[in-house]
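The structure appears below as structure tokens.
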Amino acid sequence: MAQSRSASGGAVNVFRRLVVIAIVIATAGALVALARRTTSALESVVTERPVVPEFRATAKASTWFCPGVPGTDDSISGLLVISNGNESPVGGTITRFTVDGVARRQRFAVPARSTLEIDAVIGTQSQFVSALVESQGAAIAVEQRTVHRAGNALAACASSPSDEWYLADGFTGADSVEQVVVTNPSLDSAILDVSFVTAIGERAPQSLKGVVIPPESVRVFDMASLDARNEATIAVIVKATVGRVVVGRSQHYLGRGRLGYTMALAASGVSDRWYFADGEKAANVNEEFVIFNPLINDQQLTFIVAGDDGVALEPLVVTAPAKRVTKFAPTSLGTLAVGRYSAVVTATSANAATAVGVVIERITTRQAEKSTASAVLLGVPRPSRTWLAPAGTAADVADSLRIFNPGSLPATFAVTYLGPAGDVAVSGYDQVMLQPGAGVSITLSGQAATTAVSVTSTEPVVVQRSVSRGAKQPINGSAPLIAVSDACAPTGAC
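Going by my numbering, the sequence shown opens with residue 109, and the numbers climb by one from there.
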């Protein structure tokens, strides 16, 4: 029998949410009204194409572009995690790209309703090895795991290449290593313009204009060697004037408040709204939102921050100057209670003729006894009714999943994992009601955490997760899930 639970709230929370909306309108005034017109007029600028990967479960084929793992250090390895939720086996091809431009191809087959892990490098000697994973006959979902001595990292794979990519955060303090990994998966050369922004402003060296990336090859940009050494702020823009590419960021933190390793896919565009479901205010946690405005006009950002009970703080307005990086730490607010919180960030412009859109990443550094680890998480540009985590989540922790309902209607969600006979409902989470503005933590254990996990909701929600950084690492990392773009609600409404 299905179990029905309710996470937070009731009519009081709905009322308070309406009060918050009223406050936003009152404090922003004409700016909000203008922003609505601007968003409509500039819809194609902000939402014409996906900013983050999307999964089409009903497609007859899938194409995934994984950002890359180091390929010359024997102490570092990588895995391609391929999930097949179909009733039949699915086959395909992996193409590995290297700095030398010699692509290597391998066939694979994933059994029905199972997850397959494949070596991302297979003895290939290259500074970084990236991959294109293609399936035939049915859709699959793919993620990339880097196994690193400073902590494992789980990265999203792009569902398509793009002619523009953005990274909001970057760090080379205390000789930390930041490498921007660019892959050209095409049979033709790509031509790039690369620029970056530090605390003193934008830099666009002549040596980074018109950079040619040969066909089926990888190019690595070490930020410290590009005159960005010992920087606490580095945002990066990669624009292809010819062709389309895939961009990732490899980051090894070595000090000045950050430790550990992360690998992340860049954002393939800007968005006028970003969502975060898994914030935390605690004595052992340091969190900071890093906002990059790559446009030529200043923007106003409205932060709505709410605890899991759905009661929001008064909206906070932060100015994001053009071509600059702005940092904001909600956890420094005395009005924010200790515990978990969610955030919605909306960008607007005072000029209806100008575009809107920023890129926001959140940096979280946690301490546990003698260990410290930093994690970077790109926000979610839009909620979805269905989310997929091909590589699963961290097991037996309070926040294997974090789910946030940013809408105005209650959402009923279910959590399932991929079993031999198909999706299996997680006991206690097969029918949970989440009130508007509320968030909830989900604990998963055993097989439910270590195989592909799905969250399906009657209303669009935001889902983020904790992931293991390795058996000997006491602190978990963070990772996005993949939005299922063609999923419908259980009622049949899409």
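Every residue gets a Cβ at the ideal spot worked out from N, C-alpha and C, and that includes glycine.
Below 8 Å on the Cβ atoms is my contact criterion, and I expect residue 476 with residue 583 to pass it. Report the Cβ-Cβ distance as a whole number of Å.
Mapped onto the sequence shown, residue 476 falls at position 368. Mapped onto the sequence shown, residue 583 falls at position 475. That pair is a contact at about 5 Å.
One question on the structure: do residue 472 and residue 393 come within less than 9 Å of each other, judged by their Cβ atoms?
The sequence position of residue 472 within the sequence shown is 364, counting from 1. The sequence position of residue 393 within the sequence shown is 285, counting from 1. Contact: yes.
Can the beta-carbon of residue 480 be found closer than 9 Å to that of residue 368?
The count along the sequence shown starts at 1 and reaches residue 480 at position 372. The count along the sequence shown starts at 1 and reaches residue 368 at position 260. Taking 9 Å as the cut-off, the Cβ atoms of residue 480 and residue 368 count as close.
Taking the alpha carbon of residue 302 as the reference point, which residue from 483, 498, 227, 287 has its own alpha carbon closest?
For the purposes of this step, residue 302 is taken as residue 194 along the sequence shown, with counting starting at 1. When only C-alpha atoms are compared, the closest one is 287.
Three-state secondary structure (DSSP) of residue 528:
As a first step, residue 528 must be located in the sequence shown, where it is residue number 420. Residue 528: coil per DSSP, three-state reduction.
Within the region 573 to 598, ranges of the beta strand (DSSP E) (whole runs, at least 3 residues)
Correct list: 585 to 588, 590 to 592.
Output the boundary residues of the alpha helix (DSSP H) element that contains residue 558.
Position 450 of the sequence shown, counted from the first residue, corresponds to residue 558. 555 to 558 is the extent of the alpha helix (DSSP H) around residue 558.
Could you give the distance in angstroms between the alpha-carbon of residue 506 and the alpha-carbon of residue 529?
By 1-based counting over the sequence shown, the position of residue 506 is 398. By 1-based counting over the sequence shown, the position of residue 529 is 421. C-alpha separation (whole angstroms): 28 Å.
Under a Cβ-count criterion, where at least 16 other Cβ atoms within 10 Å of its own Cβ denotes burial, should residue 335 be classed as buried or exposed?
Residue mapping note: residue 335 aligns to position 227 of the sequence shown, counting from 1. Here residue 335 is exposed, its C-beta having fewer than 16 other C-beta atoms within 10 Å.
Between the Cα of residue 158 and the Cα atoms of 491, 566, 538, which residue gives the shortest distance?
For the purposes of this step, residue 158 is taken as the residue at position 50 of the sequence shown. Residue nearest to residue 158 within the set 491, 566, 538 is 491 (criterion: CA-CA distance).
Using a threshold of 9 Å, state whether the C-beta atoms of residue 210 and residue 289 are closer than that.
Taking the first residue of the sequence shown as 1, we reach residue 210 at position 102. Taking the first residue of the sequence shown as 1, we reach residue 289 at position 181. The Cβ-Cβ distance between residue 210 and residue 289 does not fall below 9 Å.
Segment contact flag, the region 309 to 328 with the region 262 to 274, C-beta cutoff 8 Å, min 3 pairs
Look at the beta carbons and you see the region 309 to 328 not touching the region 262 to 274: under three pairs across the two are nearer than 8 Å.
Considering only the beta carbon of each residue, do residue 375 and residue 592 sit closer than 9 Å?
Here residue 375 corresponds to residue number 267 of the sequence shown, with the count starting at 1. Here residue 592 corresponds to residue number 484 of the sequence shown, with the count starting at 1. No, the Cβ-Cβ distance between residue 375 and residue 592 is not below 9 Å.
Can you pull the DSSP bridge partners for residue 345?
Translated into the one-based positions of the sequence shown, residue 345 becomes position 237. In the DSSP output, where bridge partners are listed per residue, residue 345 has 274, 303.
Measure the C-alpha to C-alpha separation of residue 364 and residue 468 and round it to an integer number of angstroms.
Taking the sequence shown and counting its residues from 1, the one referred to as residue 364 is at position 256. Taking the sequence shown and counting its residues from 1, the one referred to as residue 468 is at position 360. C-alpha separation (whole angstroms): 22 Å.
Helix, strand or coil at residue 438 according to DSSP, with G and I counted as helix
Locating residue 438 in the sequence shown gives position 330, where the first residue counts as 1. In the three-state reduction of the DSSP assignment, residue 438 falls in the helix class.
For residue 232 and residue 384, the rounded distance between their alpha carbons:
By one-based count along the sequence shown, residue 384 stands at place 276. By one-based count along the sequence shown, residue 232 stands at place 124. One C-alpha to the other measures close to 37 Å.
Would DSSP call residue 543 helix, strand or coil?
By one-based count along the sequence shown, residue 543 stands at place 435. In the structure shown, residue 543 sits in coil (DSSP, three-state: anything other than H, G, I, E or B).
When burial is assigned at 16 or more other CB atoms within 10 Å of the CB, is residue 181 buried or exposed?
Counting from 1 along the sequence shown, the entry for residue 181 is found at position 73. With fewer than 16 Cβ atoms within 10 Å of its Cβ, residue 181 is classed as exposed.
In the DSSP assignment, find the unbroken beta strand (DSSP E) run with residue 192 in it and report its ends.
Within the sequence shown, the letter at position 84 stands for residue 192. Residue range 185 to 192 is occupied by the beta strand (DSSP E) that includes residue 192.
Do you know how far the Cα of residue 405 is from the Cα of residue 462?
Taking the first residue of the sequence shown as 1, we reach residue 462 at position 354. Taking the first residue of the sequence shown as 1, we reach residue 405 at position 297. Taking the CA atoms as reference points, residue 462 sits about 7 Å from residue 405.
Coil, strand or helix - residue 235 by DSSP:
Your numbering for residue 235 matches position 127 in the sequence shown. For residue 235, the secondary structure class from DSSP, reduced to helix, strand or coil, is strand.
Supposed close pair residue 466, residue 424 - CB separation, criterion 8 Å
Counting from 1 along the sequence shown, the entry for residue 466 is found at position 358. Counting from 1 along the sequence shown, the entry for residue 424 is found at position 316. For a cut-off of 8 Å, the C-beta gap from residue 466 to residue 424 is around 15 Å, too long to register as a contact.
Enumerate in chain order the residues of its own chain whose CB-to-CB distance from residue 412 is below 6 Å, with the five nearest sequence positions on each side excluded.
Mapped onto the sequence shown, residue 412 falls at position 304. Cβ neighbours of residue 412 beyond the five flanking positions: 420, 423, 452.
Cβ pair residue 380, residue 456 closer than 9 Å:
On the sequence shown, position 272 is the one that residue 380 refers to. On the sequence shown, position 348 is the one that residue 456 refers to. Yes. Within cutoff.
Going by alpha carbons, who is nearest to residue 433 out of 533, 347, 304?
On the sequence shown, position 325 is the one that residue 433 refers to. Among 533, 347, 304, the Cα nearest to that of residue 433 belongs to 304.
Contact between the region 527 to 546 and the region 240 to 254: three or more CB pairs below 8 Å?
Contact between the region 527 to 546 and the region 240 to 254 is absent, with fewer than three C-beta pairs closer than 8 Å.
By a C-beta neighbour count over all protein chains shown, 10 Å radius and 16 as the cutoff for buried, is residue 487 buried or exposed?
As a working mapping, residue 487 is identified with position 379 in the sequence shown. With 16 or more other Cβ atoms within 10 Å, it is buried.
Less than 8 Å between C-beta atoms, sequence neighbours within five positions excluded: which residues of the same chain meet that for residue 307?
Here the question's residue 307 lines up with position 199 in the sequence shown. Excluding residues within five positions, the ones whose Cβ falls inside 8 Å are 339, 340, 341, 433.
Which residue or residues does DSSP assign as beta-bridge partners of residue 550?
The sequence position of residue 550 within the sequence shown is 442, counting from 1. Answer is 509, bridged to residue 550.
Whole-angstrom Cβ separation of residue 310 and residue 431, contact assumed at under 8 Å?
Reading the sequence shown from its first residue, position 202 is the one you call residue 310. Reading the sequence shown from its first residue, position 323 is the one you call residue 431. For residue 310 against residue 431, the beta-carbon gap comes to about 5 Å, under 8 Å, which counts as contact.
Span separating the alpha-carbon of residue 217 from that of residue 278:
Working through the sequence shown from its first residue, we reach residue 217 at position 109. Working through the sequence shown from its first residue, we reach residue 278 at position 170. Each residue's Cα considered, the two are about 37 Å apart.
Leaving out five residues before and five after residue 386 in sequence, what residues of the same chain have Cβ atoms less than 6 Å from its Cβ?
For the purposes of this step, residue 386 is taken as the residue at position 278 of the sequence shown. 510, 572, listed in sequence order.
For the beta strand (DSSP E) that contains residue 415, what are its first and last residues?
As a position in the sequence shown, residue 415 is number 307, starting the count at 1. First-last of the beta strand (DSSP E) with residue 415: 407 to 415.
Through-space distance from residue 518 to residue 494, alpha-carbon basis
Walking along the sequence shown from the start, residue 494 turns up at place 386. Walking along the sequence shown from the start, residue 518 turns up at place 410. Computed Cα separation, rounded: 15 Å.
Taking the beta carbon of residue 554 as the centre, do at least 16 other beta carbons fall within 10 Å, making it buried, or is it exposed?
Numbered from 1 along the sequence shown, position 446 holds the residue referred to as residue 554. The Cβ neighbour count for residue 554, taken over all protein chains shown within 10 Å, is under 16; the residue is labelled exposed.
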